[in-house]
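Number of protein chains: 2
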Amino acid sequence: MHAKQPVRSGRAKRLPRAVRERQIMDAAVDVFSRLGFHAASMDEISEVAGISKPMLYAYLGSKEELFATCIRREATRMMEAIANGVEAEEPPDVQLWSGLRAFFGFVGENRASWQVLHRQASSQGGPFARELADMRGRAISLVAALLVHSSDFADVPRAGDKEAESLAAALVGAGESLADWWLDNPDEPAVVVAARLMNLVWMGFGDLVAGDVWRPPSGRG
Amino acid sequence: MHAKQPVRSGRAKRLPRAVRERQIMDAAVDVFSRLGFHAASMDEISEVAGISKPMLYAYLGSKEELFATCIRREATRMMEAIANGVEAEEPPDVQLWSGLRAFFGFVGENRASWQVLHRQASSQGGPFARELADMRGRAISLVAALLVHSSDFADVPRAGDKEAESLAAALVGAGESLADWWLDNPDEPAVVVAARLMNLVWMGFGDLVAGDVWRPPSGRG
């Protein structure tokens, strides 16, 4: 959980602010995901982070502010992981597959982040629900841009903005809901869950009930 | 909003309890969807329902209890509308199409219900988030049963429980997210929004970027 630290002599004050903040947020995401927002205490977070409670408040404010900051950071990390996973030169199906693998890979490797992002934030409501809605909006814009780009690539009529945005909303909702299901069924490998959504949204049920499935180009599994 | 009432002479006490409760809940859904949970007052709900405030508390309890009851009722109405819209003898694609039309038809005709069910409940968190999670669980079970039935119909290997459940979770999430998008884009007709999701999940992006779309059998539009 903790970032590697440079020389640490005696009191823990010498770390650069950015490193210190990262440590605190790592600790906070860990504690929030294990205990839930209400049961999580600033005492426990400061202990896990190895920092005094006054310092904790000085760096990142109240528990509510800290939680909102965690949601924003985890959302940004996830969005970066997806954007980095997709290469604009690839054909649309490979782009979609890369994006889904990046998404489920991130969720699988950062279950604590996803707990905080999705379950904790949505069960708290209020300002956190707004953070979550904001994250969903960014994800939908990202996916809509990919879809418009894909229709350019495939040389079919460019999808209208509304159409691309609504399909992106459906796709983001599908991914979110499937990742939530996965939290309760953690024994399924990331690649299996990603492949199911890929088949659903690329091939569609029509092909699936006929027994046709999508397979990644060889060497790209 | 109000149910038709039988003879109403003077004081409003003579109505059967079920009718009275329906009136109150109609009023509550209306007020919650317009004002949001926090701003909605029991005063306003009792006024819209045409009932005294003590009677309102006597029938349906506190504002929290009333809100939870509204969520449960609206979720049940929606689930019934979908189940009634689908006929088990139809081919799988027509079943899916009927289900999607029933869902988006319900949302379109009951925007207040959907506001309460989805936006209000999820922005409040706490016990309401649990009601919502429970509703999602029921919707996922319903869709999973349809999917398993479809694979029987199509005479392909029966989908495993986990597979059907995870695909159902994806589909429910897609519908939910698209309906939420629709709240902000209410100018699109229900049938257009339903057809978009039908094409996404039946045909898949693979066919869509190739220009192939799903069309309802003639006479079933």
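Sequences listed follow chains E and S, in order. Its first residue numbered 294, the first sequence is counted upward by one per residue in this note's numbering. Its first residue numbered 294, the second sequence is counted upward by one per residue in this note's numbering. Don't be surprised by glycine CBs; every beta carbon is placed ideally from N, CA and C. Small disclaimer: the values here were computed from a predicted structure and weren't measured.
Would residue i pass as a contact of residue j if the rule is Cβ separation under 7 Å?
{"i": "G392 (chain S)", "j": "G466 (chain E)", "result": "no"}
{"i": "A461 (chain E)", "j": "V436 (chain E)", "result": "yes"}
{"i": "A483 (chain E)", "j": "F397 (chain E)", "result": "yes"}
{"i": "V312 (chain E)", "j": "C363 (chain E)", "result": "no"}
{"i": "W407 (chain E)", "j": "M491 (chain E)", "result": "no"}
{"i": "E422 (chain E)", "j": "S416 (chain S)", "result": "In the sequence on display, residue 422 (chain E) carries Ala and not Glu. Yes. Within cutoff."}
{"i": "V494 (chain E)", "j": "F498 (chain S)", "result": "yes"}
{"i": "R523 (chain E)", "j": "S434 (chain S)", "result": "Residue coverage of chain E in this structure runs from 294 to 514, which leaves residue 523 (chain E) outside it and unanswerable."}
{"i": "R394 (chain E)", "j": "A472 (chain E)", "result": "no"}
What is the DSSP secondary structure of residue i, counted as helix, strand or coil?
{"i": "E382 (chain S)", "result": "coil"}
{"i": "A437 (chain S)", "result": "helix"}
{"i": "A457 (chain S)", "result": "helix"}
{"i": "P479 (chain S)", "result": "coil"}
{"i": "A333 (chain S)", "result": "coil"}
{"i": "I364 (chain E)", "result": "helix"}
{"i": "G468 (chain E)", "result": "helix"}
{"i": "S302 (chain S)", "result": "Low per-residue confidence applies at S302 (chain S): pLDDT is 46, beneath 50, and the placement is therefore not dependable, though the value from the model is reported in the following sentence. Correct three-state label for S302 (chain S): coil."}
{"i": "L349 (chain E)", "result": "helix"}
{"i": "P420 (chain S)", "result": "helix"}
{"i": "L328 (chain E)", "result": "helix"}
{"i": "S355 (chain S)", "result": "coil"}
{"i": "I344 (chain S)", "result": "coil"}
{"i": "L308 (chain E)", "result": "coil"}
{"i": "G514 (chain E)", "result": "Low local confidence applies: a pLDDT of 43 at G514 (chain E) is under 50, so the model's placement there is unreliable, and no value is given."}
{"i": "G499 (chain S)", "result": "helix"}
{"i": "A296 (chain S)", "result": "For A296 (chain S), the predicted structure reports a pLDDT of 49, less than 50, and the residue's modelled location is therefore unreliable. The matter cannot be settled from this model."}
{"i": "W390 (chain E)", "result": "helix"}
{"i": "R313 (chain S)", "result": "helix"}
Taking the alpha carbon of residue i as the reference point, which residue from the options has its own alpha carbon closest?
{"i": "L476 (chain S)", "options": "S:W390, S:A405, S:D500, S:G497", "result": "S:A405"}
{"i": "A368 (chain S)", "options": "S:A432, S:M491, S:E458", "result": "S:A432"}
{"i": "P384 (chain S)", "options": "S:L439, S:A426, S:H411, S:S416", "result": "S:L439"}
{"i": "E424 (chain S)", "options": "S:E358, S:L471, S:E402, S:D323", "result": "S:E358"}
{"i": "R366 (chain E)", "options": "E:A321, E:R310, E:E382, E:A342", "result": "E:A321"}
{"i": "A414 (chain E)", "options": "E:E402, E:V341, E:M428", "result": "E:M428"}
{"i": "R412 (chain S)", "options": "S:L308, S:H331, S:R307", "result": "S:H331"}
{"i": "S326 (chain S)", "options": "S:G430, S:K455, S:N403, S:D454", "result": "S:N403"}
{"i": "E469 (chain E)", "options": "E:P309, E:A361, E:G430", "result": "E:G430"}
{"i": "M496 (chain S)", "options": "S:D480, S:D454, S:V387, S:P420", "result": "S:V387"}
{"i": "E481 (chain S)", "options": "E:D454, E:K356, E:D480", "result": "E:D454"}
{"i": "E340 (chain E)", "options": "E:R370, E:D323, E:G329", "result": "E:D323"}
{"i": "G343 (chain E)", "options": "E:L308, E:L328, E:G354, E:R370", "result": "E:L308"}
{"i": "L328 (chain E)", "options": "E:R310, E:F360, E:R370", "result": "E:F360"}
{"i": "P271 (chain E)", "options": "E:E382, E:K356, E:V379", "result": "Any property of residue 271 (chain E) remains undetermined from this structure, which presents chain E solely from 294 to 514."}
If you follow the alpha helix (DSSP H) that residue i is in, where does it begin and where does it stop?
{"i": "W495 (chain E)", "result": "No alpha helix (DSSP H) contains W495 (chain E), which DSSP labels as neither H nor E."}
{"i": "Q417 (chain E)", "result": "414-417"}
{"i": "S406 (chain E)", "result": "404-407"}
Is residue i close to the ligand PLP? I mean its beta-carbon at under 6 Å from any heavy atom of the ligand.
{"i": "M348 (chain S)", "result": "This structure does not include the ligand PLP; it has no bound ligands of any sort."}
Taking C-beta pairs closer than 9 Å, name the residues in chain C that residue i reaches, listed in chain order.
{"i": "W474 (chain S)", "result": "Looking at the structure shown, chain C is missing, and the protein chains on hand are E and S."}
Three-pair Cβ contact test at 8 Å for the segment 327-344 of chain E versus the segment 370-385 of chain E = no
Between the segment 311-318 of chain S and the segment 346-353 of chain S, are three or more C-beta pairs nearer than 8 Å?
-> yes
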